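First residue of the sequence shown? That's 10 in the numbering used here, and the numbers climb one at a time after it.
In what follows, a structure is listed as structure tokens, so that the remarks can point back to it.
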Amino acid sequence: MYKTSQLKNLCLLTIILLTLVVANITYAETKQPPNIVFLFADDLGYADIGCYGHPYAKTPAIDSLAKEGTRFTQFYVTGVTCNPSRTGAMTGIFPARFPKYAANFGFAERTTITELLKAEGYKTGHFGKWHMGPDDSNGTYGIDTIETIGKSQNKSKGRDDDLYSAAINFIKENKDGPFYINVWGHATHFPVNPPRALVDKFRDVQLDRNDFSPSMQHKFDESFVIDEDLDESIRQYLGDVYQIDLNVGRILKTLDDLKLGENTIVVFSSDHGPAPVKLTDKGVREYSKNMLGYAGEFRGGKHSQLEGGIRVPFIIRWPGHVPAGRVDTDNVGSFIDWLPTLCSIAGVKALPKNLDGEDISAAWFGGQQKRKKALYWKTSATGSAPAIRVDNWKMHLPRKNRDQIQLYNLATDSAESINVANDHPEVVARLKKQLRVWVNELPTEYEKNK
Numbered sequence: 010m011y012k013t014s015q016l017k018n019l020c021l022l023t024i025i026l027l028t029l030v031v032a033n034i035t036y037a038e039t040k041q042p043p044n045i046v047f048l049f050a051d052d053l054g055y056a057d058i059g060c061y062g063h064p065y066a067k068t069p070a071i072d073s074l075a076k077e078g079t080r081f082t083q084f085y086v087t088g089v090t091c092n093p094s095r096t097g098a099m100t101g102i103f104p105a106r107f108p109k110y111a112a113n114f115g116f117a118e119r120t121t122i123t124e125l126l127k128a129e130g131y132k133t134g135h136f137g138k139w140h141m142g143p144d145d146s147n148g149t150y151g152i153d154t155i156e157t158i159g160k161s162q163n164k165s166k167g168r169d170d171d172l173y174s175a176a177i178n179f180i181k182e183n184k185d186g187p188f189y190i191n192v193w194g195h196a197t198h199f200p201v202n203p204p205r206a207l208v209d210k211f212r213d214v215q216l217d218r219n220d221f222s223p224s225m226q227h228k229f230d231e232s233f234v235i236d237e238d239l240d241e242s243i244r245q246y247l248g249d250v251y252q253i254d255l256n257v258g259r260i261l262k263t264l265d266d267l268k269l270g271e272n273t274i275v276v277f278s279s280d281h282g283p284a285p286v287k288l289t290d291k292g293v294r295e296y297s298k299n300m301l302g303y304a305g306e307f308r309g310g311k312h313s314q315l316e317g318g319i320r321v322p323f324i325i326r327w328p329g330h331v332p333a334g335r336v337d338t339d340n341v342g343s344f345i346d347w348l349p350t351l352c353s354i355a356g357v358k359a360l361p362k363n364l365d366g367e368d369i370s371a372a373w374f375g376g377q378q379k380r381k382k383a384l385y386w387k388t389s390a391t392g393s394a395p396a397i398r399v400d401n402w403k404m405h406l407p408r409k410n411r412d413q414i415q416l417y418n419l420a421t422d423s424a425e426s427i428n429v430a431n432d433h434p435e436v437v438a439r440l441k442k443q444l445r446v447w448v449n450e451l452p453t454e455y456e457k458n459k
């Protein structure tokens with residue numbers, strides 16, 4: 010039998026324990042969903058930053074982001090130029106499905122990630138490059154604050170300084186969250202012409218072409234035709250990359266200063282592969298010699314569906330959720346998965362129908378997640394050549410059957426250097442059928458301009 014004093018103590022202990030349990034339940038139910046910061050570079054190559062293997066780049070902030078989060082090596086964009094890449098990320102729909110070019114007409118009835126998150130109570134913002142339709146006024150696509158800022162007025166700090174400053178102000182104003190922001194810079198899009206102070210950070214760089222893959226050598230050749238001083242050309246490009254890193258560092262410092270880092274997903278990536286050196290019938294375009302973006306071992310770049318055009322750096326940090334210091338070389342992801350994955354994390358229940366992407370949050374959180382859906386690429390032209398990736402197989406169909414089919418096993422040939430189509434007729438037949446089914450779902454006509 011308990012004494013009265015013991016019963017009182019037992020009741021008091023029970024009340025305390027129940028209070029703690031209820032408090033924990035309440036915290037679990039009311040814990041704020043994460044803030045989301047999407048840092049998107051323009052035309053930055055897969056290997057243009059230090060942690061992805063560039064021999065000369067100075068990117069301490071981005072490299073630190075990778076150390077504090079996970080770096081993916083098999084991540085893709087949905088298009089080979091600016092708008093298609095953004096279209097897939099914002100809508101979860103392959104851009105070739107849109108009969109009207111979204112850069113000029115917008116996303117029509119398609120629901121965007123920003124609309125879905127706004128409905129869940131997020132404050133939403135967009136800063137920098139737009140290229141998603143004719144209307145960039147506040148409220149478009151559920152984005153509360155839109156500032157399509159061009160080159161910075163303070164040219165000494167690099168062209169993206171102003172748009173990052175605007176994004177930082179938005180973070181400060183909405184620190185109580187949750188918030189979602191696109192921070193979409195202009196570097197390293199043509200023309201690459203950074204301030205001298207940034208270029209001088211690389212004054213000691215002397216180009217050794219042997220430090221780069223065979224796929225990069227043609228760009229050096231083309232730049233050399235314009236200007237034989239390749240050292241200066243690559244210093245210019247490195248300076249532009251360096252200003253991206255400086256701005257990323259500013260964002261990370263802001264989050265730390267506001268103590269928001271623990272509950273903020275930060276993603277850094279690029280909208281597609283590096284732009285080519287440009288030669289025209291009229292001669293040489295100014296600053297074209299500086300377009301020395303590096304895709305590493307991969308062939309191709311901007312405008313190409315080869316790996317160098319569509320495989321991009323992808324770094325994600327979310328302390329306590331995304332493993333720190335991890336390099337994921339196995340999971341295959343794409344920005345077509347951006348919408349369903351973020352919706353899963355943020356607790357969005359009702360997703361748009363017929364999404365092309367899938368929830369890959371398990372891969373973000375460090376698990377092994379076999380991809381369920383194929384990845385497709387095709388430009389918005391009726392007769393353009395499509396490509397598909399399923400498992401480790403990547404196949405390119407020729408444009409209007411003018412060339413041979415290309416098939417590559419990316420597990421053994423990520424550079425797409427050896428066409429094995431003749432060795433695997435069964436794989437060709439299977440993927441060709443699957444790709445044709447997808448192409449037959451696409452519009453038969455496209456409208457480019459209004």
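Positions of the beta carbon are idealized from the N, C-alpha and C atoms, including for glycine.
Everything numeric in this text was worked out from a predicted model, so none of it was measured.
Exposed or buried, which one is residue 363 when buried takes at least 16 other CB atoms within 10 Å? exposed
On the premise that residue 322 lies in contact with residue 370, defined as a C-beta separation below 8 angstroms, what is that separation, rounded to the nearest angstrom? Residue 370 to residue 322, Cβ: 19 angstroms. No contact.
Considering only their Cβ atoms, is the gap separating residue 202 from residue 296 smaller than 8 angstroms? yes
Note the first and the last residue of the continuous beta strand (DSSP E) segment covering residue 277. 273-279
I need the DSSP call for residue 251, collapsed to helix, strand or coil. helix
When you compare each of 102, 189, 126 and 96 to residue 113 by their alpha carbons, which one comes out closest? 96
Report buried or exposed for residue 31, applying the criterion of at least 16 other Cβ atoms within 10 angstroms of its Cβ. Low confidence applies here, because residue 31 scores a pLDDT of 38, under 50, leaving its location unreliable and the question unanswered by this model.
Using CA atoms only, rank isn't needed, just tell me which of 457, 357 and 420 is closest to residue 391. 457
Using a Cβ-Cβ cutoff of less than 6 angstroms, which residues in the same chain neighbour residue 83 once the five nearest sequence positions on both sides are dropped? Excluding five sequence positions before and after residue 83, the CB atoms of its chain that fall closer than 6 angstroms to its own CB belong to 341, given in chain order.
For residue 257, three-class secondary structure by DSSP: Helix at residue 257.
Between residue 404 and the rest of its own chain, which residues show a CB-CB distance below 6 angstroms, the 5 nearest in sequence each way excluded? 397, 416 and 440.
CB contact flag (residue 190, residue 46, <8 angstroms): A contact, by the Cβ cut-off of 8 angstroms.
According to the neighbour-count rule (16 or more other Cβ atoms, all chains shown, within 10 Å of its Cβ), is residue 87 buried or exposed? buried
Could you tell me which residues DSSP puts in a beta bridge with residue 404? Residue 404 has 397 and 416 as its beta-bridge partners, per DSSP.
First and last residue of the alpha helix (DSSP H) that includes residue 227? 226-235
Going straight from the alpha carbon of residue 65 to that of residue 454, what length do you get? 45 angstroms
Measuring CB atoms only, is the region 47-56 touching the region 298-311, in the sense that at least three cross pairs come out at less than 8 angstroms? yes
Going by other Cβ atoms of all chains shown within 10 Å of its Cβ, with 16 needed for buried, is residue 368 buried or exposed? buried
Give the straight-line distance between the Cα atoms of residue 162 and residue 284, rounded to the nearest whole angstrom. 25 angstroms
From the DSSP secondary-structure annotation, give me the bridge partner or partners of residue 476. One cannot answer for residue 476 here, as it falls past the ends of the chain, which runs 10 to 459.
Sequence-distant residues of its chain with Cβ nearer than 6 angstroms to residue 328 (five each side left out): 271
In three-state DSSP terms, what is residue 456? Looking at residue 456 - three-state DSSP - the assignment turns out to be strand.
Relative to the C-alpha of residue 286, which residue among 184, 123 and 226 is closest? 226
For the region 68-149, which segments carrying the alpha helix (DSSP H) assignment without a break, of at least 4 residues, lie completely within its bounds, in sequence order? 69-77, 91-100, 111-114 and 122-128
Start and end of the beta strand (DSSP E) containing residue 437? First-last for residue 437: 434-449, but that is the alpha helix (DSSP H), not the beta strand (DSSP E).
Determine the contact status of residue 281 and residue 311, defining contact as a CB-CB distance below 8 angstroms. Yes; because the gap between Cβ atoms is below 8 angstroms, this pair is in contact.
Between the alpha carbons of residue 111 and residue 324, how many angstroms are there, rounded? One C-alpha to the other measures close to 27 angstroms.
Rounded to whole angstroms, what's the CA-CA distance from residue 421 to residue 428? Just pull it up for me. So the alpha carbons of these two residues sit roughly 12 angstroms apart.
Take the Cβ of residue 33 as the centre, count every other Cβ of all protein chains shown within 10 Å, and call the residue buried at 16 or more, exposed below. The pLDDT assigned to residue 33 is 36, lower than 50, so where the model puts this residue is not dependable, and the model offers no usable value.
Mapping the DSSP letters down to three states, classify residue 246 as helix, strand or coil. helix
Measuring alpha carbon to alpha carbon, tell me which residue in 80, 78, 423 and 109 is nearest residue 92. Proximity to residue 92 across 80, 78, 423 and 109 peaks at 109, based on C-alpha coordinates.
Buried or exposed: residue 41, going by 16 or more other Cβ atoms within 10 Å of its Cβ? Counting the other Cβ atoms within 10 Å of the Cβ of residue 41 gives fewer than 16, which makes it exposed.
Mark residue 123 as exposed unless 16 or more other C-beta atoms lie within 10 angstroms of its C-beta, in which case mark it buried. buried
Have a look at residue 474 and residue 247 and give me their C-alpha separation to the nearest angstrom. Only positions 10 to 459 of the chain appear in the structure, and residue 474 is not among them; the question remains open.
Let me know the alpha helix (DSSP H) ranges lying completely inside the region 348-384, each 4 residues or longer, listed in chain order. The region 348-384 contains, as complete alpha helix (DSSP H) runs of 4+ residues, the segments 370-373 (chain order).
Count the other CB atoms, across all protein chains shown, that sit within 10 Å of the CB of residue 306; report buried if there are 16 or more and exposed otherwise. Classification for residue 306: buried.
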